[in-house]
Amino acid sequence: MAEQEIRSKMDKAIENLKRSFAGVRTGRANPGLVENVLVEVYGQKMALRTIAAINIPEHRIISITPYDKSSAQAIEKAISLSDLGLTPKNESGTVYVRLPELTQERRKELEKIAKGLAEECKIAVRNLRRDFLEDAKKSGASQDEVKGLQDKVQKITDEYNAKIEDLLKHKEAEINEI
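Residue numbers for the sequence shown follow full-length UniProt numbering, beginning at 1 and rising by one.
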């Protein structure tokens with residue numbers, strides 16, 4: 001695994017974290033909040049983004065227009081049963097989700113969720129570092145070469161951990177924004 005390859009894999013971990021953060025609710029409506037909710041339609045579970053258009057008409061409202069109007073009830077049910085704590089409303093085939101004000105208690109819960117997601121990403125980055133170093137040792141590199149690689153990979157790992165912390169701080173600020 002070359003330095004470029006490990007950076008590429010760590011970038012993927014960061015992108016995954018960004019997608020996960022999009023699903024963590026803030027005070028503002030965001031399509032990422034509901035786009036991965038699984039809806040049972042046509043006898044199978046499908047991500048909401050594949051069966052409906054998701055729009056934000058106002059900063060606290062999500063509008064979901066299914067491509068097939070008959071799936072509106074299934075969308076409403078899936079959002080109600082999700083762990084998002086949202087109450088959808090079906091109005092003539094379009095599902096509206098109004099985001100209520102976040103309580104201080106709910107903000108704390110969301111911060112914990114965001115910290116957990118960030119920690120998972122840090123673990124993924126550390127695992128990539130470990131795998132890289134194990135591959136280097138197996139390739140027959142000398143101890144000096146492995147030590148040099150270890151220092152270089154640790155700097156890269158520290159760089160990505162700093163990116164994760166920055167993303168977490170930004171998300172926490174979003175969650176606490178009133």
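Virtual Cβ for every residue (Gly too), placed ideally from N, Cα, C.
- By the C-beta density criterion, residue 30 is buried, having at least 16 other C-beta atoms within 10 angstroms.
- For residue 34, there is no enclosing beta strand (DSSP E), as DSSP marks it with neither H nor E.
- Between residue 38 and residue 121, the C-beta gap is not smaller than 8 Å, which leaves the two residues out of contact.
- Counting every other CB atom within 10 Å of its CB across the protein chains shown gives residue 33 a total of 16 or more, marking it as buried.
- By the Cβ rule, the stretch 60 to 76 counts as touching the stretch 41 to 49, because three or more pairs are nearer than 8 Å.
- For residue 63, the enclosing beta strand (DSSP E) has its first and last residue at 61 to 66.
- Sequence-distant partners of residue 89 (beyond 5 residues in either direction) whose C-beta falls short of 8 Å from its own C-beta, in its chain, are 76, 95, 96, 97, 98.
- In this structure, DSSP gives residue 39 an extended state, which the three-state scheme calls strand.
- Annotation: the continuous beta strand (DSSP E) that includes residue 89 extends over 88 to 91.
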